[in-house]
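For the sequence shown, the UniProt record's numbering begins at 1 and goes up steadily by one.
Each remark here refers to the structure printed beneath this line.
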Amino acid sequence: MSLYDLPEINTSKIKENKLKLEDFLKNKSILFIIFVFILSSAFGFIAGVISNDYLSSDIRQKLAQLNAKFPELQDNIGKGIAEEYQPQTSQEEKIIQAVKSVSPAVVSIIISKDVPIMEQRFVNPFGDIEQLFGQPFGFSIPEYYQKGTEKKEVGGGTGFIVSEDGMILTNKHVVSDEKAEYTVFTNDGKKFLAKVLARDQVQDIAIIQVVQGENIKFPTVQLGDSENLQIGQSVIAIGNALGEFKNTVSVGVVSGLGRTITASGGDEVAETLEGIIQTDAAINRGNSGGPLLNLKGDVIGMNTAVVSGAQSLGFTIPINKAKRDIEQIKTLGKLAYPFIGIRYVLIDEEIQKERNLAVDYGAWITSWYRQSSQWVQSKDQAVVSGSAAAQAGLKENDIVLEFDKDKVTKDNSLGKIIDKYNPGDKVVLKVLRGKEEKTFEIILGDRPSQ
């Protein structure tokens with residue numbers, strides 16, 4: 001038997017169909033009709049081709065005499081019409097122009113670090129015990145061991161160029177690891193190593209410098225003025241969304257001014273940032289260090305933080321805070337800021353009730369800070385050892401009520417007041433300790449910078 005069982009063939013049916021075909025072909029009238037049909041079809045096709053050529057030529061001549069154009073058929077399949085997009089509104093035009101002017105100066109910062117290479121091997125967990133039994137157990141377990149190190153990308157952020165020689169402004173938390181290596185990728189795809197010039201110890205600000213020996217002149221941003229911003233003002237955020245998509249643009253408005261937030265990065269070190277701009281322009285992981293622009297294309301802030309789990313709630317550092325850092329690096333080669341040496345929480349009625357404090361204003365010296373709806377204790381000291389505050393005798397849980405007769409409130413924060421002074425200035429603090437008011441004379445120190 002074959003592999004496949006085929007159906008039986010009906011030979012009588014085949015013979016019957018063959019006889020019917022022979023009778024049909026014997027009918028000459030039918031054959032004549034078929035011949036005439038084929039001949040007329042061929043003649044019609046040839047006549048159509050010839051007439052189209054001659055008639056089209058004649059029509060073209062007549063239209064030319066009348067100075068008219070003959071319609072042309074164009075094959076547009078696969079061909080797009082290359083027309084530059086025209087902005088639909090004046091605001092849209094301003095946004096597009098601002099992005100075009102600033103994007104060349106926005107850079108990606110890649111963080112690389114030596115990480116251990118781990119390999120697996122199998123070892124005998126019993127060691128010399130097998131010798132007591134005179135024979136091996138034939139049992140082993142996996143064990144991991146380090147076999148050297150390799151450099152890997154471990155993170156990324158954004159920055160923007162503020163001087164033609166390659167000085168870049170970014171967030172401190174982007175370049176906080178002193179053991180890491182930082183690489184800058186410019187908007188045109190060029191790659192440069194970068195070194196950290198300064199890390200601001202209070203603000204989330206850092207300045208890095210491109211290392212290059214070619215004397216390249218880099219495109220720069222235009223620094224604006226963040227002093228007179230208005231709530232509702234349109235803003236543009238640029239950054240590397242998720243650390244991958246370079247020069248991602250989002251548009252929003254200034255949602256709030258003078259905000260005070262407590263932010264923490266991957267190193268879990270929290271810091272209080274004051275006078276911050278709140279915006280609903282999307283700020284994502286990787287956007288950190290990117291510029292916030294007004295519609296003129298001027299940088300008015302630097303993206304720094306976003307509330308986890310919240311939509312349309314991002315924060316940026318006013319550019320005027322960074323201008324002082326930039327200028328001091330250019331002139332002094334370091335940051336020289338007045339420094340008192342305390343960590344604190346600004347008090348209002350809500351904080352007073354939550355922490356059972358004696359007053360509803362002032363700066364409460366503490367290592368505790370509020371994160372979302374919970375209070376968390378920082379690893380850092382409330383009073384920095386060796387600082388001006390420590391030397392003057394300030395202690396944790398003291399409340400600074402006045403700084404040189406300037407009342408400390410939510411709107412007039414301690415940080416804002418101190419920024420008016422210089423290292424070496426002598427000031428008087430009114431402090432509440434328990435239920436007793438005390439005065440302390442302090443000589444402001446020089447804020448340390450890494």
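Every residue gets a Cβ at the ideal spot worked out from N, C-alpha and C, and that includes glycine.
CB of residue i within 9 Å of CB of residue j, strictly
i: Y344; j: A363; result: yes
i: K190; j: V154; result: no
i: L292; j: T279; result: yes
i: L197; j: I109; result: no
i: V408; j: I342; result: no
i: A237; j: I207; result: no
i: V123; j: E143; result: yes
i: D325; j: D200; result: yes
i: L444; j: A388; result: yes
i: I111; j: E164; result: no
i: I161; j: V221; result: yes
i: I399; j: R433; result: yes
i: G301; j: S226; result: yes
i: I418; j: L394; result: no
i: V427; j: Y421; result: yes
i: E354; j: W375; result: yes
i: A98; j: P219; result: no
Supposed close pair residue i, residue j - CB separation, criterion 8 Å
i: V210; j: F192; result: 5 Å
i: S367; j: S385; result: Not confirmed; about 13 Å, so no contact.
i: S413; j: E327; result: Actually they do not touch by this definition, with Cβ atoms about 22 Å apart.
i: P338; j: P423; result: 5 Å
i: V174; j: G289; result: 5 Å
i: N247; j: N187; result: 7 Å
Three-state secondary structure (DSSP) of residue i
i: S101; result: helix
i: G156; result: strand
i: I418; result: helix
i: E437; result: strand
i: S90; result: helix
i: K113; result: strand
i: R355; result: helix
i: A180; result: coil
i: A382; result: coil
i: P7; result: Its pLDDT being 44, under 50, P7 is placed unreliably in this model, and the coordinates cannot settle the point.
i: A389; result: helix
i: V107; result: strand
i: E349; result: helix
i: I283; result: coil
i: K405; result: coil
i: K395; result: coil
i: V162; result: coil
i: K172; result: helix
Nearest-angstrom Cα separation, counted from residue j out to residue i
i: G258; j: Q230; result: 11 Å
i: D298; j: K100; result: 12 Å
i: G239; j: I95; result: 15 Å
i: I276; j: V253; result: 14 Å
i: D446; j: A336; result: 6 Å
i: S234; j: R285; result: 22 Å
i: V249; j: K147; result: 43 Å
i: D177; j: T304; result: 17 Å
i: G215; j: A281; result: Before going on, a small fix: residue 215 reads as Asn here, not Gly. So the alpha carbons of these two residues sit roughly 36 Å apart.
i: residue 455; j: S103; result: The first residue shown for the chain is 1 and the last is 450, placing residue 455 beyond what the model contains.
i: N294; j: K438; result: 46 Å
i: S255; j: G232; result: 6 Å
i: Y54; j: Y85; result: Bear in mind that the predicted position of Y54 carries a pLDDT of just 49, short of 50, making it too unreliable to give a figure here.
i: E349; j: D360; result: 5 Å
i: K416; j: Q352; result: 21 Å
i: D404; j: G156; result: 42 Å
i: S140; j: E150; result: 29 Å
i: A392; j: L346; result: 21 Å
i: K296; j: E402; result: 39 Å
i: A194; j: K321; result: 23 Å
i: N356; j: F315; result: 29 Å
i: Q88; j: I442; result: 59 Å
i: K410; j: L169; result: 28 Å
Test: residue i CB closer than 9 Å to a CB of chain B
i: V99; result: Considering every chain present, this structure includes no chain B. It has just one protein chain.
| query | Curious, which full-length alpha helix (DSSP H) runs of at least 4 residues does the segment 319 to 347 contain? | reply | The qualifying runs are 319 to 332.
| field | Complete beta strand (DSSP E) runs within the segment 177 to 235 (minimum length 3 residues, chain order) | value | Considered as a whole, the segment 177 to 235 harbours 181 to 185, 191 to 199, 206 to 211 as its complete beta strand (DSSP E) runs of no fewer than 3 residues, in chain order.
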